[in-house]
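>
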Amino acid sequence: MKIKIAVESELNEGDARSFRIVREGGYVGCFLIRFQGVLRAYENRCRHLPISLDYDDARFFDKTGSHLICQTHGALYEPETGACVEGPCQGASLFPIALECRDGSVYVESEGRPESLESH
Ligand code: FES
1254 MKIKIAVESE
1264 LNEGDARSFR
1274 IVREGGYVGC
1284 FLIRFQGVLR
1294 AYENRCRHLP
1304 ISLDYDDARF
1314 FDKTGSHLIC
1324 QTHGALYEPE
1334 TGACVEGPCQ
1344 GASLFPIALE
1354 CRDGSVYVES
1364 EGRPESLESH
């Protein structure tokens, strides 16, 4: 199923937002960004260790706004491609999440509604 994660116009340049999808009966943490005008999404998982890039505060960009950063060890990723260009996982890439933009809203594929898991 497709779930709505955002309204396109709510994300300005350099904004980032966390969301979750359901996969194989569990959550997958993800995040949505707008960079150089384009919306993109990735799984919120560093390629160095399987932990989130942010500290649950939706801060995904580095200070310059030119790269995504793992807050724990500082790996830098290209926002356009998800490729790690500096740090312990250089050469690896974040896992992209396909977006569908329709009627001003942003949708992603999920095996269920995250709220359905949150209530348990
Ligand atoms: S866990 Fe992200 S760079 Fe180490």
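Residue numbers (the numbering used here): 1254 to 1373. Positions of the beta carbon are idealized from the N, C-alpha and C atoms, including for glycine.
Could you tell me how far apart the beta carbons of VAL1275 and SER1363 are, in whole angstroms, since I believe they sit closer than 8 Å?
5 Å
> Looking at the unbroken beta strand (DSSP E) that takes in ARG1300, where does it start and where does it end?
Neither: ARG1300 is in no beta strand (DSSP E) and is coded neither H nor E.
> Would you call the CB atoms of ARG1300 and PRO1332 closer than 9 Å?
ARG1300 places its beta carbon 9 Å or farther from that of PRO1332.
> Going by other Cβ atoms of all chains shown within 10 Å of its Cβ, with 16 needed for buried, is TYR1308 buried or exposed?
exposed
> Would you verify that the beta carbon of ILE1350 is, or is not, closer than 9 Å to some beta carbon of chain C?
Among the protein chains of the structure shown there is no chain C, as only one such chain exists.
> Measuring only the C-alpha atoms, how far is LEU1347 from GLU1353?
19 Å
> Please go through the region 1279-1329 and give each complete beta strand (DSSP E) segment of 3 or more residues, from N-terminal end onward.
If only complete runs of 3 or more residues are kept, the region 1279-1329 shows the beta strand (DSSP E) at 1279-1288 and 1291-1296, in order along the chain.
> Using CA coordinates, which residue listed in ARG1366, SER1369, GLU1368 and VAL1359 is at the minimum distance from ARG1270?
VAL1359
> Whole angstroms is fine: what's the gap from GLN1343's alpha carbon to GLU1263's?
32 Å
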